[in-house]
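Line by line, the protein sequences give chains A and B.
Numbered per the working numbering, the first sequence spans residues 6 to 508.
Numbered per the working numbering, the second sequence spans residues 171 to 683.
The next block holds one structure in the form of structure tokens; read it before the comments.
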Amino acid sequence: MSDQAIRSILIVGGGTAGWISAAVLSRFLPPERCSITLVESEEIGTIGVGEATVPLMQHLNGLLGVDEREFVKATQGSFKLGIEFRDWGRIGDSFFHGFGDYGDAIEGVAPHHHWLKLRGEGDTTPIDAYSLPYAMARRGRFAPPSPDPANQQHFYRYAFHFDALLYARYLRSYAEQRGVCRIEGKVVDTELDGESGRIAAIVTADGQRHAADLFVDCSGFRGLLIEQALGTGYEDWRHWLPCDSAVVAPSTLTGPPAPYTRSTAREAGWQWRIPLQHRMGNGYVYSTRFTDDRRARDLFTSNVEGELLADPRVLRFTTGRRLQFWNRNCVAIGLAGGFMEPLESTSIQLIQTGIARLIEYFPDRNWNPRIAEEYNRVTTSEFERIRDFLILHYCLTRRDDAPLWDYCRTMALPDTLRHKIEVFKATGRVPLLAEESYQEPSWIAIFAGNGFLPDRYDPLVDRLDPERLRAGLAHRRQQLARAAEAMPPHALFIQRCCLAEAA
Amino acid sequence: MSDDSIREILIAGGGTAGWMAAAALSVAFKPHQCRIVLVESEEIGTIGVGEATIPPIQLFNKILGVDEREFVAATQGSFKLGIEFVGWLREGERYFHPFGRYGDDFGLAPFHQHWRRARTLGSGIPLDAYSLNHQAAYRGKFEIPRPGSAGVFSTFSWAYHFDASLYARYLRSLAESRGVERIEGRIAEVVLGPENGFVERLILADGRALAADLFIDCTGFRGLITEALDTGYEDWTHWLPCDRALAVPCTRVADPVPYTRSTARQAGWQWRIPLQNRTGNGHVYCSGAISDDDACAVLMANLDGAPEADPRQLRFTTGRRRRAWNRNCIALGLASGFLEPLESTSIHLIQTGISKLLAWFPDRNFDPLVAQEYNRLVDAEMESIRDFLVLHYHANEREEPFWRQCRDMPIPDTLAEKMAMFRANGRLIERQHELFHPPSWLAVLLGQGVHPATHDPLADTVAPQELAAILGGMQHVIDQTAGSMPAHQQFIDRNCRAAARIPIPLASRDLEP
Chain A
6 MSDQAIRSIL
16 IVGGGTAGWI
26 SAAVLSRFLP
36 PERCSITLVE
46 SEEIGTIGVG
56 EATVPLMQHL
66 NGLLGVDERE
76 FVKATQGSFK
86 LGIEFRDWGR
96 IGDSFFHGFG
106 DYGDAIEGVA
116 PHHHWLKLRG
126 EGDTTPIDAY
136 SLPYAMARRG
146 RFAPPSPDPA
156 NQQHFYRYAF
166 HFDALLYARY
176 LRSYAEQRGV
186 CRIEGKVVDT
196 ELDGESGRIA
206 AIVTADGQRH
216 AADLFVDCSG
226 FRGLLIEQAL
236 GTGYEDWRHW
246 LPCDSAVVAP
256 STLTGPPAPY
266 TRSTAREAGW
276 QWRIPLQHRM
286 GNGYVYSTRF
296 TDDRRARDLF
306 TSNVEGELLA
316 DPRVLRFTTG
326 RRLQFWNRNC
336 VAIGLAGGFM
346 EPLESTSIQL
356 IQTGIARLIE
366 YFPDRNWNPR
376 IAEEYNRVTT
386 SEFERIRDFL
396 ILHYCLTRRD
406 DAPLWDYCRT
416 MALPDTLRHK
426 IEVFKATGRV
436 PLLAEESYQE
446 PSWIAIFAGN
456 GFLPDRYDPL
466 VDRLDPERLR
476 AGLAHRRQQL
486 ARAAEAMPPH
496 ALFIQRCCLA
506 EAA
Chain B
171 MSDDSIREIL
181 IAGGGTAGWM
191 AAAALSVAFK
201 PHQCRIVLVE
211 SEEIGTIGVG
221 EATIPPIQLF
231 NKILGVDERE
241 FVAATQGSFK
251 LGIEFVGWLR
261 EGERYFHPFG
271 RYGDDFGLAP
281 FHQHWRRART
291 LGSGIPLDAY
301 SLNHQAAYRG
311 KFEIPRPGSA
321 GVFSTFSWAY
331 HFDASLYARY
341 LRSLAESRGV
351 ERIEGRIAEV
361 VLGPENGFVE
371 RLILADGRAL
381 AADLFIDCTG
391 FRGLITEALD
401 TGYEDWTHWL
411 PCDRALAVPC
421 TRVADPVPYT
431 RSTARQAGWQ
441 WRIPLQNRTG
451 NGHVYCSGAI
461 SDDDACAVLM
471 ANLDGAPEAD
481 PRQLRFTTGR
491 RRRAWNRNCI
501 ALGLASGFLE
511 PLESTSIHLI
521 QTGISKLLAW
531 FPDRNFDPLV
541 AQEYNRLVDA
551 EMESIRDFLV
561 LHYHANEREE
571 PFWRQCRDMP
581 IPDTLAEKMA
591 MFRANGRLIE
601 RQHELFHPPS
611 WLAVLLGQGV
621 HPATHDPLAD
631 TVAPQELAAI
641 LGGMQHVIDQ
651 TAGSMPAHQQ
661 FIDRNCRAAA
671 RIPIPLASRD
681 LEP
């Protein structure tokens, strides 16, 4: 072991970010090599409103060696095949962004080009008809994909809905079993090293001083270490992602949980519906530039299905990112690093990739600045690509019924996104950049779902005999329907495999 | 079929690039969908000097439906497991850049970080011991693993050496059988449309006119069509200073080795590419640092068989065409740019140019955004290869003025960042669209004397005894596997021996503008 190895890590904050970080670090760093401490202040009774994720979460479970069914059971979880978007392009419209694609390429050309061709000839079949996750979701079915790549049911993925509070608790016991030391306390001061400017220690309200080599800031939006102590700075993205508040509350279930998240566009934002086993998570994300809290709350409560189980509470945020995710000896994970609203459920993904990247670029006490620079370069790209994807949901709207939508329809876009839209418009293809979280089918889902279609399809499509193409695509649709019909209802799958104990 | 479809493609030039494009396009289009014409001037007997490739060519062959063994037999081919670099760091030193990977990742850090740590713990085992490609290559062994082979064969990879003119001939028969029309003729003039400046037709020396919707310029270095569009060329000689090559085949003196050799010379380097019937040789040099006569003397003094022809000279300017796709013309091969053959990337760039063209296939509206995106992708790939090549030249400890100059030259920022990161702690930055992956960078960085100051601290999480056991196990498996492969020549004899060794008439071909 070299003399310069990191011997101690201190994590500030014990929410989802803090406990995921603690769990991952403890999985890989044995306590005798590196001590891991997490400081959090006495749990303020929060209510889990339901958290949705993306399929990458399966990697996290795999990495930690967590049994997926046990985890779903412990967190009142359910399965997620994608997101249903209602009223986004126009009021009354609906489309699905599934965790999968629209089928295999046909003669080397992605299926959406063939779909576009038929559409130009008057065929009104929506592109969702070629998505297996959609076929399952609309029937309320769920089964995990076949492990056999030859099986067509191999090509989709899934994620989870769960109670974030229960999840943090679950990971806490995981991390503590692996030697993570939890300290109860409120951080009141941060000591910087005079020479290097690095964080030397934090001080808790009881006067205790806690020193460490590496600090992980999971203190949430305020960024106790990364911002308040190190003054890193924040890039505000509200001119692109104008929502800055959310009103949230759980409600009773009115039927079996659906295997997907629903997002419904509203007057000044959008409302989520995340079905758990024991209740429904709800929230209305809105922009205070275009509505006020009272009006938002009224709109929210009148649109919740079932009975409210608690008083709605309001969260505030500023969309954007920290100028450096890694500054000196402090790495910001979760909201402390930045926030991009939950529209595509990317919060947990960003925690996960942030901590995985920290392992990949793990420092030693020489603190070579190249390492942090590279970490920041890659993380910034990842944030910006997701940002562009989220903006796309807003800027394509054709709604003109409310000022928020008028704003979004006409706002100036980041160059990278404008380029994507222009190339898509011209060719039907999506030019992907480095560190994209979303591949072409996801972009197609949002474009097509908002009724934004390209000027042409891939000219190579015309090599195919149109009759054969029509018959082939009809066959595909039938096969998807048949495959979905053969699967068990989502609720039945949960009951058999991962039913939570009564709350 | 929509009205705006491309109905006719004209490929100008019938070298490797031209026939690769023709063969690939003939797989994509049936003749009634799109007419594909290739124009080339009477085949001037060219000499196959031997061309080396990299593993992605397997994919190209697969798309064309080419049988690997048949193709090797038809092109006097042999197998290539990597490149041996002799004298590149200093006179007398050598290293090997293998295809495939080193060892297998385990624990929290990439394999080479564990290897690096084992060195600090006193292990003297070189990295080469963990490359199955290297171990097979230096034993003169080769085999194609059975399909689906797992385990150590997942780290194994190969490409080919072959006679480029036989390859072009092979692809020509393939393309013609699928309906590509070949027209004999020399291009005399490129006629542009008066309004939009697009290429309208080519006029041949005998007065015939050939019109098309889309033109593919495979006319080699001069870029006959693309330069008629005033595309322009970006010169990279300040980074890659060699500008001439002399090529000569020599007789075979021993069984072909399954690798290319590149030997540094006073003002450039010499290649050696073993084929079934002969050995291809060439000297790539910088005309500012050595005279043509001296360069020729160096080459002829360093052949291991008798020369089979007079050496012929090629002149080039390293760099790239400013826009590989300009209006309705796409430049492929040397017409799109030239990165010297140090890492055998020429054929690969033709191949990816074609696959990008198919991915971004235009219609007759020729939306400029399509060309722009194609060019963005081509540029990124060229630049990443450029950086990799520059590394070979820049990181050297040789004495000659040419090499000292290479050491002192400013290098691209993207390369400087990679080297600095590697020097710090052995980490390899990987960027989008990079052709060469971390194992390749690792081989060349270490081979060129760039060493990390320390290793990834997470490699320390493996206990020393456990580390020794894992590394020892891998070394053993690789050693056993390489030892049990058949000899390269034996594999060729059994599977893909060329039919007969027919001498090819010799003549010189002018590649000059």
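Just so you know, even glycine gets a beta-carbon here, dropped at the ideal spot from N, CA and C.
Computed from a prediction, not measured in an experiment: that's the story for all the values here.
query = From P609(B) to L637(B), what does the alpha carbon distance come to, in whole angstroms?
reply = 20 Å
request  = Consider the Cβ of W137(B): report whether some Cβ of chain A lies at a distance smaller than 8 Å.
outcome  = Since the first and last residues shown for chain B are 171 and 683, residue 137(B) lies out of range.
task = Grab me the residues of Q486(A)'s own chain with a C-beta within less than 7 Å of its C-beta, minus the 5 sequence neighbours each way, in chain order.
result = Before going on, a small fix: residue 486(A) reads as Ala here, not Gln. Closer than 7 Å at the Cβ level, and outside the excluded window around A486(A), lie A140.
request  = Give the secondary structure of P675(B) by DSSP, where H, G and I count as helix, E and B as strand, and everything else as coil.
outcome  = Any reading at P675(B) is ruled out, since the residue's pLDDT is 34, under 50, leaving its predicted position unreliable.
ask   = Anyone know if the C-beta pair for D249(A) and T323(A) falls short of 8 Å?
value = yes
inquiry  = At the level of alpha carbons, what is the spacing between A244(B) and E441(A)?
reply    = 43 Å
task = Could you list the residues in the segment 616 to 631 of chain B with a C-beta less than 9 Å from some C-beta on chain A, going in chain order?
result = A623, T624, H625, D626, P627, L628, D630, T631
inquiry  = Output needed for Q283(B): all residues of its chain with C-beta closer than 7 Å, excluding positions within five of it in sequence on either side, in chain order.
reply    = G596, H625, D626, A629
inquiry  = Using DSSP's beta-bridge definition, name the partner residues of F508(B).
reply    = G489(B)
query = Is the shortest distance between the beta-carbon of K200(B) and the beta-carbons of chain A less than 8 Å?
reply = yes
Minimum Cβ-Cβ distance from P436(A) to chain B less than 8 Å = yes
request  = For K200(B), count neighbouring C-beta atoms within 10 Å of its own C-beta (all shown protein chains included) and say buried if the count is 16 or more, exposed if not.
outcome  = exposed
query = What whole-angstrom Cβ distance do V251(A) and L320(A) have, given they're in contact under 8 Å?
reply = Note on identity: in this sequence residue 251(A) is Ala, with Val being the wrong assignment. Right, their Cβ atoms sit about 5 Å apart.
request  = Note down, in chain order, every chain A residue with its Cβ under 9 Å from the Cβ of R601(B).
outcome  = A439
key: For W441(B): DSSP bridge partner residues   = S432(B), G452(B)
request  = May I have a chain-ordered list of the beta strand (DSSP E) segments no shorter than 3 residues that lie completely inside the segment 216 to 272 of chain B?
outcome  = 248 to 250, 252 to 256, 264 to 268
inquiry  = Using the Cβ count rule (16 or more neighbours within 10 Å means buried), how would you classify P264(A)?
reply    = buried
message = Check this for me: beta carbons of I253(B) and S432(B), under 8 Å apart or not?
response = yes
query = For P683(B), which residues of its own chain have a beta-carbon under 8 Å away from its beta-carbon, when the five flanking residues on both sides are left out?
reply = Here the model assigns P683(B) a pLDDT of 28, short of 50, so the residue's position is not dependable, and the following value carries that caveat. Within the same chain, P683(B) has close Cβ partners F391, R392.
ask   = Would E551(B) pass as a contact of T522(B) if the rule is Cβ separation under 8 Å?
value = yes
inquiry  = Mapping the DSSP letters down to three states, classify A276(A) as helix, strand or coil.
reply    = This sequence places Gln at residue 276(A); Ala is not what is there. Q276(A): strand per DSSP, three-state reduction.
ask   = What residue range is occupied by the uninterrupted beta strand (DSSP E) comprising G325(A)?
value = 325 to 327
message = Only counting the same chain, and skipping five residues up and downstream in sequence, which positions put a Cβ closer than 8 Å to that of Q282(A)?
response = Q81, G82, S83, P262, I499, L504, A505
ask   = For E600(B), which of helix, strand or coil comes out of DSSP?
value = coil
query = Counting Cβ pairs, one atom from each stretch, are 3 or more of them under 8 Å apart for the segment 563 to 571 of chain B and the segment 229 to 248 of chain B?
reply = no
Minimum length 3: unbroken beta strand (DSSP E) runs contained in the segment 111 to 149 of chain A = none
inquiry  = When you compare the CB positions of D174(B) and D533(B), do they come within less than 8 Å of one another, or not?
reply    = yes
ask   = Using a C-beta cutoff of 8 Å, does M589(B) count as contacting chain A?
value = no
ask   = Roughly how many angstroms separate the alpha carbons of A10(A) and P368(A), rounded to a whole number?
value = 8 Å
task = Quick one: residues in its chain with C-beta nearer than 6 Å to the C-beta of V540(B), no 5 flanking neighbours on either side, listed in chain order?
result = W530, P532
key: For D211(A), the nearest candidate out of E45(A), G433(A), A301(A) (CA to CA)   = E45(A)
task = Find the nearest neighbour of T269(A) within the set I96(A), D106(A), K191(A), judged by alpha-carbon distance.
result = I96(A)
message = Report the CB separation of M591(B) from I581(B) in whole angstroms; it is logged as a contact under 8 Å.
response = 14 Å between Cβ atoms; not a contact.
task = Just tell me which of V350(B), L384(B), I353(B), G355(B) has its CA closest to the CA of L362(B).
result = L384(B)
Opposing strand residues paired with M285(A) [DSSP bridges] = S256(A), P280(A)
request  = Indicate whether at least one CB of chain A lies closer than 8 Å to the CB of V207(B).
outcome  = no
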